[in-house]
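So the mapping is simple: my numbering equals the position in the sequence shown, first residue as 1, plus 426. Think of the CB as a built atom: it goes at the ideal place given N, C-alpha and C, for glycine as much as any other residue.
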Amino acid sequence: MKQAILTPIFLGILACWSALSVIAEDRYLFFTWEITNGTIFPLGVPQEGILINGQFPGPTIDAITNDNIVINVINKLDDKFLITWNGIKQRKTSWQDGVLGTNCAIPPNTNWTYKFQLKDQIGTYTYFPTTKIHKAAGGFGGFNIQQRSVISIPYPAPDGEFTLLVGDWYKTNHRVLRRLLDLGKSLPFPDALLINGQKDVAVFTGEAGKTYKFRVSNVGIATSINFRIQGHSLKLIEVEGAHTLQETYKSLDVHVGQSVTVLVTLDKSIGDYYIVASSRFTDPVLTTTSTLRYSGSNTKASGQLPIAPTTDLDWSIKQARTIRLNLTANAARPNPQGSFHYGTIPVLRILQLANSKSIVKGKLRYAVNGISHINPSTPLKLADWFNIPGVFDLNTIKDFPSSSNNPIKLGTSVIGLTLHDFAEIIFQNNENTIQSWHMDGSSFYVVGYGNGIWTSKVRETYNLVDGVSRHTVQVYPKSWSAIMVSLDNKGMWNLRSAIWENRYLGQELYLRVWNNEQSLYTETNVPLNALFCGKAKHLPKLL
427 MKQAILTPIF LGILACWSAL SVIAEDRYLF FTWEITNGTI FPLGVPQEGI LINGQFPGPT
487 IDAITNDNIV INVINKLDDK FLITWNGIKQ RKTSWQDGVL GTNCAIPPNT NWTYKFQLKD
547 QIGTYTYFPT TKIHKAAGGF GGFNIQQRSV ISIPYPAPDG EFTLLVGDWY KTNHRVLRRL
607 LDLGKSLPFP DALLINGQKD VAVFTGEAGK TYKFRVSNVG IATSINFRIQ GHSLKLIEVE
667 GAHTLQETYK SLDVHVGQSV TVLVTLDKSI GDYYIVASSR FTDPVLTTTS TLRYSGSNTK
727 ASGQLPIAPT TDLDWSIKQA RTIRLNLTAN AARPNPQGSF HYGTIPVLRI LQLANSKSIV
787 KGKLRYAVNG ISHINPSTPL KLADWFNIPG VFDLNTIKDF PSSSNNPIKL GTSVIGLTLH
847 DFAEIIFQNN ENTIQSWHMD GSSFYVVGYG NGIWTSKVRE TYNLVDGVSR HTVQVYPKSW
907 SAIMVSLDNK GMWNLRSAIW ENRYLGQELY LRVWNNEQSL YTETNVPLNA LFCGKAKHLP
967 KLL
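Written as structure tokens, this is what we have:
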């Protein structure tokens, strides 16, 4: 009798202890970031930059899976300001996404606190401003998420790691660049490439015989890059939160908004070696270097820079097809990545998104399926949550491009999708320049790349087994890229061109992932500290 009574009590205590253990492991990391203007010298001459706590680039966040992140952003700029967390999924809370479709921008001389959990994520990510063209002036940084101690990694633990933020850069002030776009003109060609905010300066030091993890992200606004290290091989181990087959490369293309992680073994003679990034598909070719230094080296890097492709598209496509998912490795959870058989899931929704550009009312605009997106003064998420009429509807943009050559129209682009739909999305690039598309809120499987116009016939070429899971995909000139995605994250999510000129001038849209269930299990409530603006400005405050 006693045993019958004590057993459930004991089990209840054990369950509570287990729950507390889980909660205890989910740490809270608190940050206060002051956003200011300051003088920086990335190209050896003074120019205005955007600093976070006086730093350019901003501080790197180093976190662990399931950490809770709390960042108080104090805006000391003259402009409204927002930061997005590039690739961080923001489970069930697009309120924290930091784009104009979900958040009111933080006014000058005020603050706003982001709160989100790194739920079931590992990998290499970044953050950056989404307002105006602030990203061209700074405000970006690295965001690295390590595995929990109980989850194994599919490679020997490295002896150290380095974060490399690579991107194009302009000497021209970001306000001048924005005026050009507002006038309907294109941005000029970038002046340089930078590594961690410097040209030909940064040094990364390690010991001979040891292996280091290099986290490489393209934080530029326009330019694909190729990354390589003189005399050393790059073993690819992770792409934007997915462990990959560990192929070895001499160099890797990294397109705008993308991140890769490689292992590099210092197996050469003690000395200095060039780390090189150069632009892809540009004329002229921009190049920048930094230094891989072996401890004890007194020899400067010398000799020719390692050769890389410049305008060769086929080379890049072939390399992209070799980047595949490691089906036997764990990611943030102990189950193998290949346990989700995406190629066998019935597709419930197909979107074909074609980009285009044209002159509208005398100004250059970019569009998706004929609609050039305009951000309304009321964030779409607020309008959706509070049923505010006249902000958007679900009929402005269609699932497929028009067969007729209709002129571009200005509009607010929102596509309605049902929570847990499994979707196929085809990005059709009809331009002569490379595109890069990013999806907030979800990772997707890249299943195919191809030249020309996409047709249903090319589905026969899809990789339905081990396509890599990522958040940003390149679309080559006059080509298509196809992805598959499980829309299991309720909210209003931004799908945008990572090429900033294109995005600023209309090449973006929003995915409204929705069902009629009101439950904290599917979506969090509006934050108590939410900012209200536009038609929501006069709603009663929640605090």
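**Item:** Distance between residue 631 and residue 963 (C-alpha atoms, nearest Å)
**Value:** On the sequence shown, position 537 is the one that residue 963 refers to. On the sequence shown, position 205 is the one that residue 631 refers to. Distance between the alpha carbons of residue 963 and residue 631 is about 52 Å.
**Message:** I need the straight-line Cα distance from residue 602 to residue 476, nearest angstrom please.
**Reply:** Taking the first residue of the sequence shown as position 1, residue 602 is located at position 176. Taking the first residue of the sequence shown as position 1, residue 476 is located at position 50. The straight-line gap from Cα to Cα measures roughly 15 Å.
**Request:** Using three-state DSSP, classify residue 568 as helix, strand or coil.
**Result:** As a working note, residue 568 is residue 142 in the sequence shown. Strand, per DSSP.
**Message:** Considering only the alpha carbon of each residue, which of 965, 957, 960, 929 lies closest to residue 682?
**Reply:** In the sequence shown, counting from the first residue as 1, residue 682 sits at position 256. The shortest C-alpha separation from residue 682 is found at 929.
**Asked** Cα separation between residue 769 and residue 911?
**Response** Position 343 of the sequence shown, counting from 1, holds the residue named residue 769. Position 485 of the sequence shown, counting from 1, holds the residue named residue 911. Going by the C-alpha atoms only, they are around 11 Å apart.
**Proximity winner among 811, 872, 695, 838, relative to residue 727 (alpha-carbon distances)** = As a first step, residue 727 must be located in the sequence shown, where it is residue number 301. Looking at the Cα atoms, 695 is the closest of the given residues.
**Asked** Do you know offhand how far residue 661's Cα is from residue 592's?
**Response** For the purposes of this step, residue 661 is taken as residue 235 along the sequence shown, with counting starting at 1. For the purposes of this step, residue 592 is taken as residue 166 along the sequence shown, with counting starting at 1. When rounded, the distance between both Cα atoms is 19 Å.
**Asked** For residue 486, which residues of its own chain have a beta-carbon under 7 Å away from its beta-carbon, when the five flanking residues on both sides are left out?
**Response** Taking the sequence shown and counting its residues from 1, the one referred to as residue 486 is at position 60. Excluding positions up to five away in sequence, the list reads 567, 568, 570, 589.
**Item:** Opposing strand residues paired with residue 669 [DSSP bridges]
**Value:** The residue you call residue 669 lines up with position 243 of the sequence shown. Note: residue 669 sits in a beta bridge opposite 664.
**Request:** Pull up the DSSP beta-bridge partners for residue 849, would you.
**Result:** Here residue 849 corresponds to residue number 423 of the sequence shown, with the count starting at 1. DSSP output for residue 849 lists 775, 911 as bridge partner(s).
**Prompt:** Between the Cα of residue 607 and the Cα atoms of 532, 785, 863, 642, which residue gives the shortest distance?
**Reply:** In the sequence shown, the residue the question calls residue 607 occupies position 181. Ranking the options by Cα distance to residue 607, first place goes to 785.
**Asked** What residue does the alpha helix (DSSP H) around residue 743 start on, and which one ends it?
**Response** Walking along the sequence shown from the start, residue 743 turns up at place 317. Residues 739 to 748.
**Asked** Hey, does residue 540 have any beta-carbon neighbour from chain D nearer than 7 Å?
**Response** Protein chains in the displayed structure number just one, and chain D is not present.
**Prompt:** Can you tell me whether DSSP reads residue 787 as helix, strand or coil?
**Reply:** Position 361 of the sequence shown, counting from 1, holds the residue named residue 787. Coil.
**Prompt:** Between residue 662 and the ligand COA, is the CB less than 6 Å from at least one heavy atom?
**Reply:** No copy of the ligand COA appears in this structure; indeed no ligand is present at all.
**Item:** Start-to-end residues for the beta strand (DSSP E) that takes in residue 652
**Value:** On the sequence shown, residue 652 is found 226 positions in, with the first residue counted as 1. First-last of the beta strand (DSSP E) with residue 652: 651 to 655.
**Asked** Could you give the distance in angstroms between the alpha-carbon of residue 595 and the alpha-carbon of residue 858?
**Response** Here the question's residue 595 lines up with position 169 in the sequence shown. Here the question's residue 858 lines up with position 432 in the sequence shown. Each residue's alpha carbon lies about 22 Å from the other.
**Message:** Helix, strand or coil, according to DSSP, for residue 806 in the structure here?
**Reply:** Reading the sequence shown from its first residue, position 380 is the one you call residue 806. Three-state DSSP puts residue 806 in a helix.
**Request:** Look up residue 378 in the DSSP assignment and say whether it is helix, strand or coil.
**Result:** Here the chain comprises residues numbered 427 to 969, so residue 378 is not present and cannot be evaluated.
**Prompt:** CB residue 869 to CB residue 897, shorter than 7 Å?
**Reply:** As a position in the sequence shown, residue 869 is number 443, starting the count at 1. As a position in the sequence shown, residue 897 is number 471, starting the count at 1. It is a contact, given that the beta carbons lie within the stated cut-off.
**Asked** Mind checking whether residue 758 and residue 547 have CB atoms under 7 Å apart?
**Response** Position 332 of the sequence shown, counted from the start, is the residue given in the question as residue 758. Position 121 of the sequence shown, counted from the start, is the residue given in the question as residue 547. The answer is yes: Cβ separation under 7 Å.
**Request:** Any chance you could list the beta strand (DSSP E) runs of at least 3 consecutive residues sitting entirely within the segment 614 to 640, in chain order?
**Result:** 618 to 621, 629 to 632
**Message:** Within 8 Å, do at least three Cβ pairs link the segment 887 to 904 to the segment 796 to 814?
**Reply:** no
**Request:** Using alpha carbons as the reference points, say which of 935, 916, 937 lies closest to residue 948.
**Result:** In the sequence shown, residue 948 corresponds to position 522, counting from 1. Minimum Cα distance to residue 948 is reached at 916.
**Request:** Would you tell me roughly how many angstroms separate the C-alpha atoms of residue 756 and residue 763, rounded to the nearest one?
**Result:** For the purposes of this step, residue 756 is taken as residue 330 along the sequence shown, with counting starting at 1. For the purposes of this step, residue 763 is taken as residue 337 along the sequence shown, with counting starting at 1. Their backbone Cα atoms lie some 6 Å apart in a straight line.
**Message:** Taking contact to mean 3 or more Cβ pairs, one atom from each stretch, closer than 8 Å, check whether the segment 485 to 505 and the segment 774 to 782 are in contact.
**Reply:** no
**Request:** Tell me whether the beta-carbon of residue 635 lies closer than 7 Å to the beta-carbon of residue 803.
**Result:** If you number the sequence shown from 1, residue 635 lands on position 209. If you number the sequence shown from 1, residue 803 lands on position 377. Going by C-beta atoms, residue 635 is not nearer than 7 Å to residue 803.
**Request:** Output the distance between the C-alpha atoms of residue 646 and residue 452, rounded to the nearest integer angstrom.
**Result:** For this step, residue 646 is matched to residue 220 along the sequence shown. For this step, residue 452 is matched to residue 26 along the sequence shown. Using only the alpha carbons, I get a separation of about 32 Å.
**Item:** Buried or exposed by the 16-neighbour rule on C-beta atoms within 10 Å, applied to residue 542
**Value:** Numbered from 1 along the sequence shown, position 116 holds the residue referred to as residue 542. Counting Cβ neighbours within 10 Å, residue 542 comes out buried, since at least 16 surround it.
**Request:** Note down, in chain order, each residue of its chain lying with its Cβ closer than 6 Å to the Cβ of residue 819, except the 5 sequence neighbours on either side.
**Result:** By one-based count along the sequence shown, residue 819 stands at place 393. Cβ neighbours of residue 819 beyond the five flanking positions: none.
**Prompt:** What did DSSP end up calling residue 944 once you bin it into helix, strand or coil?
**Reply:** In the sequence shown, residue 944 corresponds to position 518, counting from 1. Correct three-state label for residue 944: coil.
**Request:** Quickly, what does DSSP pair residue 594 with across the bridge? List them, please.
**Result:** Position 168 of the sequence shown holds residue 594. Paired residues: 619.
**Prompt:** Per the contact definition of three or more C-beta pairs closer than 8 Å, is the segment 555 to 565 in contact with the segment 661 to 681?
**Reply:** no
**Message:** Please classify residue 692 as buried or exposed, where buried requires at least 16 other C-beta atoms within 10 Å of its C-beta.
**Reply:** Taking the first residue of the sequence shown as 1, we reach residue 692 at position 266. Classification of residue 692: buried, given that the 10 Å Cβ count is 16 or more.
**Item:** Cross-strand partners of residue 861 (DSSP beta bridge)
**Value:** Position 435 of the sequence shown holds residue 861. DSSP lists 901 as partners of residue 861.
**Supposed close pair residue 722, residue 638 - CB separation, criterion 8 Å** = Counting from one through the sequence shown, the residue named residue 722 turns up at place 296. Counting from one through the sequence shown, the residue named residue 638 turns up at place 212. With 8 Å as the limit, residue 722 and residue 638 do not qualify as a contact, their Cβ atoms being about 16 Å apart.
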